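Presented below is the structure to which this report refers.
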Amino acid sequence: MIVTLKQSADEARVRGELARRGLWVGASLRALDGTVHLPVGEGSTRVKLDELEGVEGVATVATSDSPHPLVDRHGPTVRVGAAVIGPRVPALVAGPCSVESEAQIDRIARALAASGVGWLRGGAFKPRSSPYAFQGAGTEALRWMRRAADAHGMKVVTEVLAEGDVPAVAEWADVLQIGSRNMANYALLKQVGRASKPVLLKRAMSATVEEWLLAGEYLLSHGAPGVVFCERGVRGFDPSTRNLLDLGAVALLAHAYGLPVIVDPSHATGRRELILPLARAAIAAGAAGVMIETHDAPEHAKSDGAQALLPGQVAELSRDLAAMAAGGGR
Ligand code: PEP
Ligand code: MN
Numbered sequence: 386m387i388v389t390l391k392q393s394a395d396e397a398r399v400r401g402e403l404a405r406r407g408l409w410v411g412a413s414l415r416a417l418d419g420t421v422h423l424p425v426g427e428g429s430t431r432v433k434l435d436e437l438e439g440v441e442g443v444a445t446v447a448t449s450d451s452p453h454p455l456v457d458r459h460g461p462t463v464r465v466g467a468a469v470i471g472p473r474v475p476a477l478v479a480g481p482c483s484v485e486s487e488a489q490i491d492r493i494a495r496a497l498a499a500s501g502v503g504w505l506r507g508g509a510f511k512p513r514s515s516p517y518a519f520q521g522a523g524t525e526a527l528r529w530m531r532r533a534a535d536a537h538g539m540k541v542v543t544e545v546l547a548e549g550d551v552p553a554v555a556e557w558a559d560v561l562q563i564g565s566r567n568m569a570n571y572a573l574l575k576q577v578g579r580a581s582k583p584v585l586l587k588r589a590m591s592a593t594v595e596e597w598l599l600a601g602e603y604l605l606s607h608g609a610p611g612v613v614f615c616e617r618g619v620r621g622f623d624p625s626t627r628n629l630l631d632l633g634a635v636a637l638l639a640h641a642y643g644l645p646v647i648v649d650p651s652h653a654t655g656r657r658e659l660i661l662p663l664a665r666a667a668i669a670a671g672a673a674g675v676m677i678e679t680h681d682a683p684e685h686a687k688s689d690g691a692q693a694l695l696p697g698q699v700a701e702l703s704r705d706l707a708a709m710a711a712g713g714g715r
């Protein structure tokens, strides 16, 4: 439950009163208007609500049957400055797996912007399965991306891999990406939430939908103004595709929970020829957009070349998605 304090409350005293009743009290969450909320867990103790409401300094006590009340209230749209990811127009997030050089990201951004792509993706910090694989160009790549995006009127979406990198990524990016491998890194989620920037939250490769939503709750309860969920395939039994794209979960988030969810068919399949059909399927299932890996010389890409589309293929996808949206094909 959430205990909200009166403006005049003595927080330490309220904490003492709650602890005395055997309740667990988490770190306080401070809203923009200064209101303090205390997350309170009951553990094995049961205390009557009106007893808590009677504690001096307590304004309200909110309980919920849902473990993710903020996600439940989130709604289908995330605003990023003047741009929006939501149900109206499918968002196209595209760019290379890794940002390799200033010239590379500028070339790709230029080509994508010309096809109407508004969101530039690219990894500066790469979570690679092998420690011997390219690990990303680091902080410098954040600046290259920012410059390319500004030059071509795009927004930057990029992954933050470690708690210590949050300030740098928050300085240069518009949307902070939590990668699949970090969806359950709760210390990182808290730190990213505190940056107060919109977040793109990838589903872990073996996470249930409920675990994914709870990861979103971590972000929102620590200050993230909005979360875009991203399905990128879960572990399947069949190596024919890199992962197993769970469009059922996409439809569930979009239609049952009313949340903004996008699909990454690049990491889901690992195969270039499957990206366009699955991007269309994603939009038909209710996705608010797609994230597509793009490279202008995939055979020389430092990571994930086999799943990269050429910018011209992204242009084709951009036209397709616009036509689907106009024709009500979602
Ligand atoms: C990525 O989008 O760059 C990435 C590493 O994807 P994932 O976390 O889904 O593997
Ligand atoms: Mn990749």
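For the sequence shown, this note's numbering begins at 386 and goes up steadily by one.
Note that the Cβ used here is the ideal one computed from N, Cα and C, for glycine as well.
Because the structure is a prediction, the values reported are computed rather than measured.
Checklist entry - Using DSSP with H/G/I as helix, E/B as strand and the rest coil, what is Val-421? => result The residue you call residue 421 lines up with position 36 of the sequence shown. In the structure shown, Val-421 falls within a strand segment according to DSSP collapsed to helix, strand and coil.
Checklist entry - Rounded to whole angstroms, how far is the Cβ of Leu-497 from the Cβ of Gly-480, which I believe are closer than 8 Å? => result Looking up residue 497 in the sequence shown gives position 112. Looking up residue 480 in the sequence shown gives position 95. Going by Cβ atoms, the distance from Leu-497 to Gly-480 rounds to 7 Å, so yes, they are a contact pair.
Checklist entry - Across which residues does DSSP place Trp-504 in a beta bridge pair? => result Start at 1 with the first residue of the sequence shown, and residue 504 comes out as number 119. Val-478 and Lys-540.
Checklist entry - Curious, which full-length beta strand (DSSP E) runs of at least 3 residues does the region 610–644 contain? => result 612–616
Item to check | Distance cut-off 6 Å: Gly-564 Cβ against heavy atoms of the ligand PEP | outcome: What you label residue 564 is simply residue 179 of the sequence shown in a count that begins at 1. Yes, since a heavy atom of the ligand PEP falls inside the 6 Å radius drawn around the Cβ of Gly-564.
Checklist entry - If you check the beta carbons only, do Leu-585 and Val-542 fall under 7 Å apart? => result On the sequence shown, position 200 is the one that residue 585 refers to. On the sequence shown, position 157 is the one that residue 542 refers to. Yes; because the gap between Cβ atoms is below 7 Å, this pair is in contact.
Next on the checklist: Assuming contact is defined by CB atoms lying nearer than 7 Å, are Tyr-603 and Leu-637 in contact in what I supplied?
Outcome noted: For the purposes of this step, residue 603 is identified with residue 218 of the sequence shown, where counting begins at 1. For the purposes of this step, residue 637 is identified with residue 252 of the sequence shown, where counting begins at 1. No, Cβ-Cβ distance for Tyr-603 and Leu-637 is not below 7 Å.
Checklist entry - Cβ of Lys-433 versus every heavy atom of the ligand PEP: is any distance shorter than 6 Å? => result By one-based count along the sequence shown, residue 433 stands at place 48. Result no, Cβ not under 6 Å from the ligand PEP.
Checklist entry - Exposed or buried, His-459, counting other C-beta atoms within 10 Å across all chains shown (16 or more means buried)? => result On the sequence shown, residue 459 is found 74 positions in, with the first residue counted as 1. Buried, by the Cβ-count rule.
Checklist entry - At a cut of 8 Å, does the region 700–715 reach the region 679–691 through at least three beta carbon pairs? => result no
Checklist entry - Can you give the Cα-Cα distance for Thr-654 and Ala-558, rounded to whole angstroms? => result One-based indexing of the sequence shown puts residue 654 at position 269. One-based indexing of the sequence shown puts residue 558 at position 173. Those two C-alpha atoms are separated by around 27 Å.
Item to check | Top-ranked residue by Cα proximity to Ala-609, from Leu-561, Ser-413, Val-425 and Val-432 | outcome: In the sequence shown, the residue the question calls residue 609 occupies position 224. If we check each option's Cα against that of Ala-609, Leu-561 comes out closest.
Next on the checklist: On the criterion of 16 or more Cβ atoms from any shown chain inside 10 Å, does Ala-467 qualify as buried, or is it exposed?
Outcome noted: Along the sequence shown, one-based indexing puts residue 467 at 82. It counts as exposed.
Checklist entry - Using the C-alpha atoms, what's the distance from Leu-414 back to Gln-692? => result As a first step, residue 692 is located in the sequence shown; it is residue number 307 there, counting from the start. As a first step, residue 414 is located in the sequence shown; it is residue number 29 there, counting from the start. Distance from the CA of Gln-692 to the CA of Leu-414, rounded to the nearest whole angstrom, comes to 41 Å.
Item to check | Gly-674 (DSSP reduced to helix, strand or coil) | outcome: Along the sequence shown, one-based indexing puts residue 674 at 289. Three-state result, Gly-674: strand.
Item to check | Near the ligand MN: Cys-615 beta-carbon under 6 Å from a heavy atom | outcome: Position 230 of the sequence shown, counting from 1, holds the residue named residue 615. Because no heavy atom of the ligand MN lies under 6 Å away, the Cβ of Cys-615 does not count as near it: no.
Item to check | Residue range of the unbroken alpha helix (DSSP H) whose run includes Gln-489 | outcome: For this step, residue 489 is matched to residue 104 along the sequence shown. First-last of the alpha helix (DSSP H) with Gln-489: 487–499.
Checklist entry - Which partner residues does Val-469 have in the DSSP bridge list? => result Counting from 1 along the sequence shown, the entry for residue 469 is found at position 84. Beta-bridge pairing links Val-469 to Arg-464.
Next on the checklist: By the DSSP assignment, the alpha helix (DSSP H) with Gln-576 in it spans what residues?
Outcome noted: The residue given as residue 576 occupies position 191 in the sequence shown. It spans 571–579 - the alpha helix (DSSP H) in which Gln-576 sits, taken as one unbroken run.
Next on the checklist: Given 6 Å as the limit, tell me if Asp-689 has its C-beta closer than that to any heavy atom belonging to the ligand MN.
Outcome noted: Numbered from its first residue, the sequence shown carries residue 689 at position 304. Correct: Asp-689 has its Cβ closer than 6 Å to the ligand MN.
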